[in-house]
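First to last, the protein sequences are chains A and B. Mapping the first sequence onto the working numbering, position 103 (from 1) lands on 103, and the numbers just tick up by one. Mapping the second sequence onto the working numbering, position 441 (from 1) lands on 726, and the numbers just tick up by one. The beta-carbon is built from N, C-alpha and C at its ideal position, and this holds for glycine as well.
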Amino acid sequence: MSENRLEVRKTYKLLINGAFPRSESGRTYEVLDAEGKFLANVAQASRKDFREAVVAARAAQAKWWSQSAYNRGQVIYRLAEMAESRHGELAEVVEACEGVKAKEARKSVSRGIDRMVWYAGWTDKISQIFGGANPVAGPYFNFSVPVPSGVVAAIAHPANSFEGLIDVTFGAIAAGNSVVVLASGDRPIPAVLLGEMSAVSDFPGGVLNILTGNAAELAPVMAAHEDVDGFDIGNIEANARVELITSAAGSIKRVFESEGFDEANAVRRMRTFIETSTVWHTKGQ
Amino acid sequence: MESLHSQLGGLQYDDAPESAAIAKIKNEYGLFINGKFTDAKEHKSFLTINPATEETLSQVAQADSKDVDAAVQAAKRAYDKVWSKTTGPERAKYLFRIARLIQERSREFAVTETLDNGKPIRETRDIDVPLAAAHFFYYAGWADKLSYAGYGPDPQPLGVAGQIIPWNFPLLMAAWKLAPALAAGNTCVLKPAETTPLTALLLAEILQQAELPDGVVNIITGDGSTGAALVEHPDVNKIAFTGSTGVGRMIQQRIAGSGKHLTLELGGKGANIVFEDAPIDEVVEGIIDGIFFNQGHVCCAGSRLLVQESVADDVLRRLIRRVEQLRVGNPLDKNTDVGAINSAEQLARIAELTSTGEDEGATRHTSTCVLPQKGFWFPPTVFTNVSQSHRIAREEIFGPVLSMLTFRTPEEAVQKANNTNYGLACGVWSEKGSRTLWVAERLRAGVIWANTYNKFDPTSPFGGVRESGFGREGGRQGLEAYLNV
């Protein structure tokens with residue numbers, strides 16, 4: 001800003017049910033850039049914020065799944081368009097949060113946006129790739145349809161602030177789930193920015209909920225919540241997982257615990273959060 | 286007319302018993318480890334009885350943690366040295382052999398199963414055993430076609446699979462576990478249920494006849510402690526469990542952080558939804574199949590009947606009449622519809638839950654059939670005036686007990702059907718295909734039967750959503766449980 005003017009700073013808030021509330025707890029925490037300089041005060045989501053997000057996610061999931069697969073793909077693609085048009089802004093915050101070179105930050109944002117486009121193309125392929133007709137021995141038409149598990153809680157990558165958010169969020173969403181994702185604790189700003197873009201991308205409110213806060217505080221709450229169907233802890237350190245899985249088993253959650261951003265892992269995550277529903281229908285005159 | 290009716294009413298079926306002699310059950314069985322029957326290290330054993338007569342059938346070895354270790358080590362050796370080097374086409378031929386051998390000895394299997402489990406011979410003969418053979422035949426063909434299964438160009442097995450199965454379909458569950466695991470290239474340690482070990486041990490003889498390499502399949506009999514030792518063994522790479530949600534939850538907790546792969550096929554409280562346009566006579570047969578098949582010892586049983594209000598009285602009247610006609614008794618009799626409850630323990634649980642039905646205000650209709658003096662029996666029972674909060678509408682009874690509720694609109698039917706933590710199976714009865722598909726799309730269940738119930742096929746994926754577990758058995762999807770993908 002060479003202009004001799006005081007910049008207008010933004011308040012970074014949560015994304016719950018399509019709205020941008022502060023934490024109901026009133027808490028915030030300081031986010032610093034890679035050099036330790038103050039960047040922003042960010043909302044510190046509470047247990048109750050998470051519960052409200054789950055209520056919103058549950059209601060939104062039915063709406064999201066009732067839209068056509070074509071339509072869901074277009075909505076995700078729309079978000080990629082929004083992100084592309086604000087590519088520079090995203091790269092700036094990634095650079096500030098992660099302390100990487102500008103060129104690296106731009107590349108990381110590009111990869112993240114390209115991955116979103118990849119997910120946009122998955123929505124109307126999943127049924128054919130993972131489902132199909134089954135030749136049962138009898139007078140029945142039998143077919144298997146992949147359906148979403150429901151509500152998925154996810155923890156984003158702690159270091160990779162934008163790219164590391166994309167898989168944990170859109171793998172589940174492309175498969176028809178709704179998601180409550182906890183952004184990187186130290187580097188949450190790119191996630192908040194993406195949340196703001198999602199509000200103008202035709203997502204039904206509550207399909208994508210983004211919280212900022214402390215993973216050590218919120219992960220056990222996610223694990224224990226009985227109305228959460230899937231739990232993505234691939235970005236949680238291995239020694240912290242045992243307790244979380246033990247708690248998640250209380251309601252037989254689908255737990256995803258593979259690390260990494262490769263394509264095989266992305267497909268594995270989608271498979272984790274889909275269920276095969278098989279229908280037998282009698283044939284006759 | 287009246288005299289004709291009384292004459293017909295007086296007609297009785299003659300006894301038509303299958304001969305028990307074909308079963309050739311031995312006096313005692315060891316553990317099947319590394320291709321041989323061996324004694325348990327501590328020489329402990331337990332008795333398995335015929336639940337229809339309470340007579341002892343055989344004495345079976347009780348495996349402890351040392352025996353489990355021996356079985357797992359045998360499976361690991363067989364995986365490293367033999368099975369992982371056996372080509373897909375060769376694995377396929379072993380599985381085809383096993384399928385054929387089961388078919389050859391199918392009557393022996395059926396009678397043994399009926400004796401050990403208490404289920405009617407009509408079911409073991411027509412369903413359990415043929416489906417078990419079909420399952421091996423189906424997965425045999427996958428063993429050399431895994432690269433076409435949709436899990437990448439060269440999907441790899443997991444290693445040693447520990448498989449724990451329940452007592453309700455002993456042979457069939459063994460087939461559901463072993464066939465896909467072996468086709469995918471894993472080796473197995475199978476733990477049959479404590480009360481029904483015999484057909485798995487008979488299957489071990491088949492594996493010997495098939496000359497399956499030693500250690501590729503190991504079968505260890507025992508109680509819950511045997512299963513726990515298997516779950517916790519560090520050299521087991523995969524646990525596949527079928528049983529109660531309570532035990533499934535414990536297994537998921539025990540192996541947390543171990544890196545073991547897991548699939549769970551757990552309990553259910555299936556809704557059988559009847560719309561007013563459905564053909565009532567077929568519906569009544571479907572309701573009967575849904576809840577009284579296998580004495581209701583079925584995780585996917587249609588134990589909650591949801592009937593549209595306009596036809597509820599008619600359905601109930603015909604249902605009660607049909608329940609009275611069910612033949613309950615000697616499982617070896619070819620005309621028997623409902624056999625024995627599998628164990629005294631299960632009978633006590635059914636009786637306890639059923640009594641809460643009356644305590645909570647539901648109306649009980651119980652068949653007046655005469656029950657045998659010895660053995661474990663429970664008469665087919667239907668509850669009406671059931672509310673959604675009653676224990677009999679929420680908890681899995683795993684017995685011949687049906688709870689009937691009503692609804693007015695399709696929305697209400699879906700809402701009531703989904704009002705459970707389970708999500709295994711549902712039935713929908715309607716002549717209107719578009720409505721059936723609308724309902725099916727909204728039901729949270731892994732299997733939906735439209736105008737039928739309790740149908741199974743090796744090509745058709747089976748398994749639950751929510752607290753009914755995760756993973757599928759059957760079909761292409763059933764391979765995923767045993768591949769490292």
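- Item | Beta-carbon proximity of A:A175 to A:F273, cut-off 8 Å | Sequence index remark: in the first sequence, residue 175 of chain A carries index 175 (1-based). Sequence index remark: in the first sequence, residue 273 of chain A carries index 273 (1-based). Closer than 8 Å, so yes.
- Query: Is it buried or exposed for B:Q658, if we count other Cβ within 10 angstroms and need 16 for buried?
  - Reply: Numbered from its first residue, the second sequence carries residue 658 of chain B at position 373. The residue is exposed, with fewer than 16 neighbouring Cβ atoms inside 10 Å.
- Could you name the residues of the same chain whose beta carbon sits closer than 7 Å to that of B:A384, not counting the 5 residues immediately before and after it, in chain order? Position 99 of the second sequence, counted from the start, is the residue given in the question as residue 384 of chain B. Around B:A384: A418, F421, F422, A425.
- Item | Cross-chain neighbours of B:A730 in chain A, by beta carbon under 8 Å | Numbered from its first residue, the second sequence carries residue 730 of chain B at position 445. Those within 8 Å of B:A730 in chain A are S277.
- Same chain, Cβ closer than 6 Å to B:G528, five either side skipped, listed in chain order: Residue numbering aside, residue 528 of chain B sits at position 243 when the second sequence is read from its first letter. Here the set comprises P451.
- Query: How big is the Cα-Cα spacing for A:N17 and A:G234?
  - Reply: By 1-based counting over the first sequence, the position of residue 17 of chain A is 17. By 1-based counting over the first sequence, the position of residue 234 of chain A is 234. Spanning the two alpha carbons is a distance of roughly 25 Å.
- From what residue to what residue does the beta strand (DSSP E) around B:F526 run? Within the second sequence, the letter at position 241 stands for residue 526 of chain B. Residues 523 to 527.
- Query: Under a CB-based cut-off of 8 Å, is A:T282 close to chain B?
  - Reply: Here residue 282 of chain A refers to the residue found at position 282 when the first sequence is read from its first residue. So yes, A:T282 belongs to the interface.
- Message: For a test of the three-state rule: what should DSSP assign to B:L316, helix, strand or coil?
- Response: Sequence index remark: in the second sequence, residue 316 of chain B carries index 31 (1-based). If DSSP states are grouped into helix, strand and coil, B:L316 belongs with the strands.
- Can you have a look at A:A133 and say buried or exposed, based on whether 16 or more other CB atoms are within 10 angstroms of its CB? Position 133 of the first sequence, counted from the first residue, corresponds to residue 133 of chain A. Burial call: exposed.
- Query: What are the boundary residues of the beta strand (DSSP E) that A:Y70 is part of?
  - Reply: Numbered from its first residue, the first sequence carries residue 70 of chain A at position 70. Taken as a continuous stretch (DSSP letters only), A:Y70 belongs to no beta strand (DSSP E), being part of the alpha helix (DSSP H) at 69 to 85.
- Anything in chain B within Cβ reach of A:D229, meaning under 9 Å, just list it in chain order. Stepping through the first sequence from its first residue, residue 229 of chain A is reached at position 229. By Cβ distance, chain B contributes V750, R751.
- Message: Suppose contacts are defined by Cβ-Cβ distances below 8 Å. Is A:Q287 in contact with A:G150 by that definition?
- Response: Here chain A has residues from 1 to 285 only, and residue 287 of chain A is not among them.
- Query: Per DSSP, what kind of secondary structure is A:A264 in: helix, strand or coil?
  - Reply: Walking along the first sequence from the start, residue 264 of chain A turns up at place 264. Looking at A:A264 - three-state DSSP - the assignment turns out to be helix.
- Message: Short of 6 Å in beta carbon distance, which residues of its chain neighbour B:P438, apart from the five on each side in sequence? Order them along the chain.
- Response: Numbered from 1 along the second sequence, position 153 holds the residue referred to as residue 438 of chain B. Within the same chain, B:P438 has close Cβ partners S432.
- Alpha carbon to alpha carbon, what distance is there between A:Q44 and A:S25? The residue given as residue 25 of chain A occupies position 25 in the first sequence. The residue given as residue 44 of chain A occupies position 44 in the first sequence. A:S25 and A:Q44: Cα-Cα distance of roughly 8 Å.
- Query: Going along the stretch 513 to 535 of chain B in order, which residues come within less than 9 Å of chain A, judged by CB to CB distance?
  - Reply: T530, G533, R534, M535
- Message: Looking at B:D401: is its Cβ nearer than 8 Å to the Cβ of B:T481?
- Response: Position 116 of the second sequence holds residue 401 of chain B. Position 196 of the second sequence holds residue 481 of chain B. Against a cut-off of 8 Å, the Cβ pair of B:T481 and B:D401 comes out as a contact.
- With a floor of 4 residues, list each alpha helix (DSSP H) that falls wholly inside the stretch 172 to 203 of chain A, ordered by position along the chain. 189 to 198
- Task: With a threshold of 16 other CB atoms inside 10 Å of the CB of B:L457, please say whether the residue is buried or exposed.
- Result: One-based indexing of the second sequence puts residue 457 of chain B at position 172. That one is buried.
- Measure the CB-CB distance between B:P440 and B:V770 and report whether it falls below 8 Å. Position 155 of the second sequence holds residue 440 of chain B. Position 485 of the second sequence holds residue 770 of chain B. Yes. Within cutoff.
- Quick one: what's got a C-beta closer than 6 Å to B:A771's C-beta in the same chain, skipping five residues either side? Any answer about residue 771 of chain B is impossible in this case: the structure gives chain B only from 286 up to 770.
- Under 8 Å between beta-carbons, which chain B residues line up against A:Y140? List them in chain order, please. If you number the first sequence from 1, residue 140 of chain A lands on position 140. T737, K740, listed in chain order.
- Nearest to A:E95 (by Cα), restricted to the options A:N160, A:L208, A:N142: The residue you call residue 95 of chain A lines up with position 95 of the first sequence. Among A:N160, A:L208, A:N142, the Cα nearest to that of A:E95 is on A:N160.
- Query: Residues of chain B with a CB under 7 Å from the CB of A:V151: which are they?
  - Reply: Here residue 151 of chain A refers to the residue found at position 151 of the first sequence. Correct list: empty, because the minimum Cβ distance to chain B is about 11 Å.
- Message: Under 8 Å, Cβ to Cβ, is there at least one residue of chain B near A:I245?
- Response: As a working note, residue 245 of chain A is residue 245 in the first sequence. Yes, its Cβ sits closer than 8 Å to a Cβ of chain B.
- Can you list the alpha helix (DSSP H) stretches of 4 or more residues lying completely in the stretch 582 to 640 of chain B, in chain order? 594 to 610
- Task: Below 7 Å CB to CB, which residues in the same chain sit around B:V667 once its five sequence neighbours on both sides are set aside?
- Result: Mapped onto the second sequence, residue 667 of chain B falls at position 382. Cβ within range, chain order: L604, I605, V608, H650, L687, M689.
- Item | Through-space distance from B:A514 to B:D365, alpha-carbon basis | The count along the second sequence starts at 1 and reaches residue 365 of chain B at position 80. The count along the second sequence starts at 1 and reaches residue 514 of chain B at position 229. Each residue's Cα considered, the two are about 22 Å apart.
- Query: Near A:H157, which residues of its chain fall below 6 Å by C-beta distance, leaving aside the five closest residues on each side in sequence?
  - Reply: Locating residue 157 of chain A in the first sequence gives position 157, counting from the first residue. G164, N235, listed in sequence order.
- Query: Helix, strand or coil: which one does DSSP assign to B:E681?
  - Reply: Here residue 681 of chain B is taken as the residue at index 396 of the second sequence, counted from 1. In this structure, B:E681 counts as coil in the three-state DSSP scheme.
- the ligand GDP heavy atoms versus the CB of A:D202: any closer than 7 Å? The ligand GDP is absent from the structure shown, which contains no ligands of any kind.
- Rounded C-beta distance between B:G581 and B:F683? I'm assuming under 8 Å. Taking the first residue of the second sequence as 1, we reach residue 581 of chain B at position 296. Taking the first residue of the second sequence as 1, we reach residue 683 of chain B at position 398. Indeed they touch by this definition, with Cβ atoms about 6 Å apart.
- Item | Proximity winner among B:Q358, B:S674, B:F381, relative to B:G701 (alpha-carbon distances) | Translated into positions along the second sequence, residue 701 of chain B becomes position 416. Before going on, a small fix: residue 701 of chain B reads as Lys here, not Gly. The shortest Cα separation from B:K701 among B:Q358, B:S674, B:F381 belongs to B:S674.
- Item | Where the alpha helix (DSSP H) through A:P220 begins and ends | Stepping through the first sequence from its first residue, residue 220 of chain A is reached at position 220. 215 to 224 is the extent of the alpha helix (DSSP H) around A:P220.
- Task: Would you identify the three-state DSSP class for B:M286, choosing helix, strand or coil?
- Result: Here residue 286 of chain B corresponds to residue number 1 of the second sequence, with the count starting at 1. In this predicted model, B:M286 has a pLDDT of only 47, less than 50, meaning its place in the structure is not dependable; the value taken from the coordinates is given anyway. Of the three classes helix, strand and coil, the one that applies to B:M286 here is coil, per DSSP.
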